[in-house]
Structures are given as structure tokens and as C-alpha cells.
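The structure under discussion appears below in the form of C-alpha cells.
Residue numbers (the numbering used here): 69 to 816.
Take a look at the structure:
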């Protein structure tokens with residue numbers, strides 16, 4: 069923009085410290101510097117904290133509570149802190165300069181004085197007696213402590229069990245590494261008193277609401293534009309401090325202010341994912357029937373509670389696809405002096421799915437069952453749907469056993485032993501792993517669609533979702549085309565601008581297609597009814613006589629019929645009655661709380677070099693029940709991308725924070741190991757369409773499927789490859805070092 073200036077952040081080098089002072093005198097004197105702002109300036113202007121609202125808002129989400137059933141303390145999130153820093157990379161000051169380089173140079177000249185405090189980085193350490201308190205309001209660092217399920221029934225089942233298998237896992241922290249780091253451009257127009265923010269995000273309406281709150285302004289005074297996201301996977305769905313800061317600075321300076329994070333800044337300050345410690349026990353009868361399950365899930369929310377969705381969603385799915393009569397779960401969340409965590413692709417589901425699927429494989433191995441038949445014996449049957457699991461979630465539909473059989477077929481399960489022998493002849497260890505999965509998709513319950521047919525023949529559709537590479541412009545147009553019988557290329561999908569979109573939940577939790585298609589269905593019905601009334605008025609007929617079929621309106625005795633574009637054109641100049649004013653335009657709202665449960669199966673085959681611990685994934689097959697599939701090509705793309713992310717978490721990705729120093733050790737792509745093209749094979753994928761009864765089109769979700777089962781499938785395959793060594797488990801990520809170490813330990 070004209071007269072645009074640039075912002076750079078001064079970030080804390082300490083995991084936990086009192087902020088004694090911020091001296092910006094030297095920085096202010098540097099060339100091009102316009103001003104430097106600190107937490108004291110934010111407080112003086114009465115800027116509020118970011119209202120993250122971390123608890124899921126729908127009826128069927130698992131209801132988390134604070135210790136003793138009380139209120140959950142979230143930890144306020146100011147734009148800049150005035151008293152304490154609570155993780156490495158937290159912004160403590162903002163420099164504004166004419167150029168990006170001038171701002172960065174001046175940021176290095178800001179002198180921030182700290183008084184270091186003890187830190188804690190691991191969730192289990194945060195629970196230890198005497199652990200440093202991240203917040204005075206939570207002296208034991210616990211913000212959530214909730215028990216689900218029937219404890220007495222579970223205890224009885226464990227007492228009666230013939231076998232009990234136990235395992236503990238830490239599903240490590242990872243980060244999204246969006247292809248473009250965060251960026252924001254804030255502009256304040258003094259003439260109108262309006263603010264405008266351009267920023268990549270998962271939902272413009274949420275950004276508008278939260279930013280207006282922290283700025284203390286009427287939401288009507290703020291426009292948010294989020295059209296180009298630059299990659300997301302959940303990491304950009306919530307507001308960041310820089311977004312509020314550039315808007316505020318623009319008002320103070322009278323110039324547009326832009327912030328662009330470097331890749332290293334993204335590693336330090338992006339909201340991160342996963343980081344769950346789970347301890348699970350499975351009680352079995354001697355014939356292999358599952359009787360009960362116990363679990364304890366401990367979530368590391370970091371320095372502030374941005375979202376509890378991962379813990380909530382995972383809590384409802386601890387029993388997976390299996391008919392386990394009794395279960396109990398203790399869900400806890402703790403603060404640590406690390407960057408906040410947030411939903412990351414599949415949000416809480418890969419963690420709990422990993423636990424149950426690894427537990428079943430281990431039970432089969434230790435108790436002498438075939439791992440496939442043990443699963444088959446306990447899978448929820450189609451005739452049991454809708455099925456209420458032991459912690460209260462009700463699955464809508466699914467054919468879990470059929471999914472598994474299909475995955476085994478396309479993975480050539482029956483030919484594995486021959487391939488294993490061939491690998492052994494080359495000195496390699498071949499392993500085969502399987503993971504069934506079910507996940508819930510709920511998301512923000514409210515959505516709005518506005519559909520207008522213009523006299524020029526275009527169909528303009530406004531929707532509150534936010535694509536970041538999922539192809540909404542294509543698949544949404546397909547839905548509208550099928551409902552209105554207009555060509556796909558005549559449909560314009562509009563999103564990501566709060567001057568256009570007034571209501572909408574954004575894109576997260578696999579909600580977009582289901583919510584959009586449902587509200588499109590409602591809007592289409594209303595538009596057809598309005599079209600009938602307009603035709604009836606123009607042809608002096610009764611609306612009840614007008615028919616809409618194959619894209620055309622017709623009256624019984626009229627010679628002329630109308631398509632939507634023809635009707636919009638011909639009615640433009642007509643003197644329509646008041647109730648039909650506005651022409652062919654409708655607004656439809658819908659609120660939908662019922663969850664859907666996408667499900668499926670993934671199979672991984674991998675080859676391990678016993679001398680180096682290196683892994684090559686040779687086959688990966690996925691079967692995903694997405695409900696009604698609108699665009700198979702797009703869905704397959706989602707499956708492939710999701711599988712790559714799940715594989716990355718299984719074999720290479722970890723955001724590592726050194727417990728002895730509190731310092732992140734994975735601050736760049738030199739240290740954080742994303743999967744490369746040669747890390748993943750060609751995928752075999754098949755789509756299953758078991759419709760959901762919860763929405764008109766029977767849609768479930770497709771954006772997160774393969775991410776959920778992939779980590780368990782990969783680790784099950786690696787452990788299977790190492791079976792001759794008696795290896796029970798491999799720490800994830802299964803790096804060559806971790807695998808080699810496990811082999812050496814087993815050889816002792």
C-alpha cells in the first residue's frame with residue numbers, strides 16, 4: 069500500500085522471566101525508525117487480551133472442566149506483556165520503520181532486561197511437586213482435570229478380565245510449517261474511522277470478532293480480508309498478537325503497517341500441535357473380546373490456553389472403532405513455559421487413535437492373537453449404528469470391517485510374506501502395519517450462505533468458510549450447480565472478506581463441505597421457491613402451479629419457460645411486489661450441532677535396515693469413508709497430503725525443547741525434519757461413501773482422514789519389522805537413531 073511501513077518484533081530469549089524494563093532509546097534514534105512500542109504502551113491504550121475462547125462450542129463436544137469441576141483458567145494473552153514472558157519467542161516489543169531491514173536492525177538494538185525464572189517444558193514435569201508455576205492463578209499448573217465414563221463399571225470389568233495390557237506414549241509436539249509464514253497488513257483510515265486487516269487465516273469472521281474485542285471497537289469499524297492463506301493446517305485459525313498490533317500501530321502512526329514473520333520466527337512463535345502424554349490399559353477376555361479400557365490423557369497447552377479442542381475431541385474417541393463396553397478417561401491439561409498449542413490437522417484424533425491401535429497390536433502379539441482377527445472380533449458392526457461409545461459419543465454410520473478388508477486387498481496383505489522373504493534375502497527387515505480409525509467432525513455450528521443470480525447470468529455465492537488449498541471454489545460450485553441446475557463455470561464462490569461475509573465459522577475440523585452444502589441446500593430451496601413466485605407474478609399465475617425441473621421454471625399453460633439466468637434478466641425491470649423485491653437473491657442460515665464420524669483404515673509396509681535403522685516406506689494404502697464424496701480428485705489429494713503429514717510425524721517430525729535450558733532446538737528447517745519426496749511412496753487410496761444421516765447430502769468429512777491413522781500404521785509396521793528382536797515399542801518419531809538404539813538394546 070502507499071506509504072506502507074514495516075513492523076519487527078523483539079522476542080524473548082528466555083522461557084520464563086520477569087520483564088524488568090524495555091529500553092528503546094537507541095532503537096528510536098536509528099535511521100527510518102518511526103516508533104517502538106512495549107507492553108506498557110498497550111496497557112496505556114487499554115488494549116485487551118486476545119479472547120481465544122478455547123472451549124469447543126457445540127452441544128456434543130466433550131465438556132472439559134477445571135480441577136474439581138470448576139472454571140478453567142485460560143491465562144490471558146496480551147498483545148505485548150508488561151510483566152512476564154512465558155516462552156522463548158514471545159514478543160515483548162514492536163519496532164516500526166520505513167523498511168523491513170530498518171525495522172529488523174532496530175529490533176536488535178532494543179534493550180530488554182529480564183530477571184530469569186525457573187521453567188518447565190514437559191507436561192509430566194509440570195505436575196511434579198514444586199514445579200515452577202507458569203501462572204500464579206494455577207499454582208500446580210493444572211487448568212483442566214475431568215473424568216469421563218463409568219469408573220465403577222470399568223473397574224469391575226478389569227477385575228473380571230483374563231488379560232490386561234498397558235502402554236504409555238508421548239505423542240510429541242510438532243508444528244505446521246505452512247508454506248508461507250504468517251503475515252499481516254493493518255490499515256487505519258482516519259477519515260472513516262475504519263480499520264482493515266489483510267492476513268492469512270482460517271476464518272475472517274472469527275478474526276473480526278476477536279480483534280474488535282481486543283481493540284475495544286465496534287466490529288462494524290473493522291474489515292478483515294483473509295483470501296490468500298499460504299498454508300494453514302490449523303495453525304492460522306486463531307488470532308495472533310501481531311495482527312492486533314499492526315492495526316493499533318496503523319492508527320497511532322497514520323500509515324499502513326505490515327508484519328511478515330521469518331521462518332525462524334514461525335518456529336518460535338506459531339501455535340504448535342500435538343504434545344499429549346497418554347497412558348492406556350485394555351482389559352480382555354481369554355477369547356480376545358475387549359471388556360474395558362482405562363486411559364489418562366495429559367495435554368501440554370503451553371504458556372497460554374489458545375484451544376482445548378485437541379483434548380476435547382480426543383477424549384470422545386479413546387475407544388476408536390471398537391465395541392468396548394466400559395471405559396474411563398481422565399483428561400488433564402497443564403501449562404508449561406513453551407509456545408501455546410492449538411488444533412493441528414486432525415486435532416486430537418491421531419493421538420488417541422495411535423494409543424488404541426498400538427495397544428491392540430501389542431495385545432495381539434503378547435497374548436497370541438492374530439492382529440487382524442483380534443480387531444475383527446471387536447469392531448463396531450454396521451447394524452449397531454448409531455453407536456454410543458463408552459464415554460458418550462454417538463457414531464453416525466460406518467462399515468469398519470469392510471474398510472479394513474478393502475484396505476488389506478489394495479495393500480496386497482496376502483502377498484506380504486513373500487515380499488518379507490525377498491527383503492530378508494537382501495538383508496532388510498520388512499514390516500506390515502495396520503490402523504483402523506474413526507474421527508469426529510463438528511466445528512463451529514453456525515453457517516450462512518447468500519446466493520444471488522445476477523441479470524448477467526452469474527450466480528454469486530457468499531459463504532463463511534475459508535479455503536487454504538482444499539479447492540472450495542470447485543467443489544462448492546459443483547454442489548450449487550447440482551442444486552440449481554446452472555453451469556459450474558457460471559458460479560462465483562466468494563469468501564474471506566467481512567465486508568462481504570457477515571456470518572461463518574471458517575474452515576477447521578473438517579466442517580467446510582458439510583456445513584456449506586447443508587446451508588446451500590437450504591438456500592437453493594428458498595431461491596427456487598422465490599423463483600416460482602416471480603414467474604407466477606410475471607405470468608399472472610399461481611406459485612403453486614409453477615414447476616422447477618431440469619433447471620427451468622414452467623407454468624402449465626404458458627408457452628415460455630425460464631432458466632435462472634433468464635429469469636434474473638427478464639425480471640430485472642419488472643415492478644415486483646415488495647415481498648419479491650431484490651430479485652433472485654436469498655440469505656439462508658443454519659446451525660448444526662450433530663457431529664459426523666469419518667472413518668477408515670490405513671496400511672503401511674516398510675523396510676528397515678538393521679545396520680543403520682533407516683526406514684523406507686514401500687507401500688501405503690488408505691480407505692476413507694467420507695460420506696457423500698463431491699469431488700473424488702480433491703478428496704484423494706486430501707488423503708495423500710494427510711498421509712504425508714502423518715508419515716512425517718511417525719518417522720521424522722518433532723519440535724524439541726531442551727528440558728535443561730528451556731530452549732527450542734528445532735528452530736529451522738535444518739533441524740525440523742519434514743518428510744521429503746523420497747520419504748513417502750505412491751499411495752493407493754479408495755473412497756467409501758456410507759452416508760451420514762445428520763445432514764441432507766450425507767456428507768461426513770475428508771480433510772483429515774489419512775493424518776489420523778498414519779502414525780499408528782507406520783509405527784506398527786516398524787515394530788513388526790523388528791519382531792525378531794522382541795522390540796515392544798519404538799519412540800515416535802521413529803528416526804534411524806531411535807530404531808538403531810532399540811535394536812542394540814534388544815541385542816543385549
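Built from N, CA and C at the ideal position, the CB exists for glycine as well.
Beta-carbon proximity check, residue 513 vs residue 659, cutoff 9 angstroms: yes
Status (buried if at least 16 other CB within 10 Å, exposed otherwise) for residue 446: Buried, because 16 or more other Cβ atoms sit within 10 Å of the Cβ of residue 446.
Residue nearest to residue 230 in terms of C-alpha spacing, selected from 431, 310 and 563: 431
Residue span of the alpha helix (DSSP H) that contains residue 226, given as start and end: 219-228
Three-state secondary structure (DSSP) of residue 377: helix
Residue 275, DSSP secondary structure in three states: In this structure, residue 275 counts as helix in the three-state DSSP scheme.
Stretch-stretch touch, CB-based, cutoff 8 angstroms, three pairs: the stretch 497-512 with the stretch 772-783: yes
Residues near residue 96 in its chain [Cβ-Cβ closer than 6 angstroms; skip 5 each side]: 104
Residue 406 in three-state terms, based on DSSP: It is coil, neither helix nor strand.
Identity of the residue in 426, 420 and 614 nearest residue 397 by Cα: 420
Bounding residues of the alpha helix (DSSP H) (the contiguous stretch that carries residue 707): 700-719
Inter-residue Cα distance where the pair is residue 488 and residue 499: 7 angstroms
Delimiting residues of the alpha helix (DSSP H) encompassing residue 366: Run containing residue 366: none in the alpha helix (DSSP H); it sits in the beta strand (DSSP E), 358-370.
Candidates 783, 706 and 694: closest to residue 715 by CA position: 783
Any beta strand (DSSP E) of 3 or more consecutive residues that is wholly inside the stretch 85-147: 85-91 and 101-106
Inter-residue spacing [alpha-carbon to alpha-carbon] between residue 768 and residue 696: Taking C-alpha positions only, residue 768 is separated from residue 696 by approximately 7 angstroms.
Residue 401 classed as buried or exposed, judged by whether at least 16 other C-beta atoms fall within 10 angstroms: Its Cβ being crowded by 16 or more others within 10 Å, residue 401 is buried.
Within 9 angstroms, strictly: CB atoms of residue 462 and residue 468: The answer is no: Cβ separation not under 9 angstroms.
DSSP state of residue 483 mapped onto helix, strand, coil: helix
Distance between residue 787 and residue 484 (C-alpha atoms, nearest Å): 15 angstroms
Collapsed DSSP secondary structure at residue 287 in the structure displayed: helix
Beta-carbon proximity list for residue 435, same chain, < 8 angstroms, skipping 5 on both sides: Excluding sequence positions up to five before and after residue 435, its CB lies within less than 8 angstroms of the CB of 231, 233, 352 and 356, all in the same chain and listed in chain order.
Length of the line joining the Cα atoms of residue 618 and residue 521: 17 angstroms
N-terminal and C-terminal residue of the beta strand (DSSP E) that residue 517 is part of: 514-521
Inter-residue Cα distance where the pair is residue 751 and residue 688: 5 angstroms
Beta-carbon proximity check, residue 175 vs residue 78, cutoff 9 angstroms: yes
Spatial neighbours of residue 694 in its chain, beta-carbon cut-off 8 angstroms, leaving aside the 5 residues before and after: 666, 703, 755, 756, 757, 767, 768, 769, 770 and 773
Exposure of residue 109, with buried meaning 16 or more beta-carbon neighbours within 10 Å: buried
For residue 85, the nearest candidate out of 153, 130, 101 and 680 (CA to CA): Here the closest residue by C-alpha is 153.
Any beta strand (DSSP E) of 3 or more consecutive residues that is wholly inside the stretch 598-626: Listed in chain order, they are 615-617 and 620-622.
Contact the stretch 401-419 vs the stretch 299-309: 3+ CB pairs below 8 angstroms: yes
Beta-carbon separation (whole angstroms), residue 706 vs residue 242, contact threshold 8 angstroms: Not really, about 19 angstroms apart at Cβ, beyond 8 angstroms.
Residue 640 classed as buried or exposed, judged by whether at least 16 other C-beta atoms fall within 10 angstroms: Classification of residue 640: exposed, given that the 10 Å Cβ count is below 16.
Own chain partners of residue 114 with C-beta closer than 8 angstroms, once the 5 adjacent residues on each side are dropped: Around residue 114: 284.
At least 3 beta-carbon pairs within less than 8 angstroms: the stretch 203-213 vs the stretch 324-342: With a cut-off of 8 angstroms, the stretch 324-342 and the stretch 203-213 do not count as touching, because too few Cβ pairs lie within range.
Secondary structure of residue 633, DSSP reduced to three states: Helix, per DSSP.
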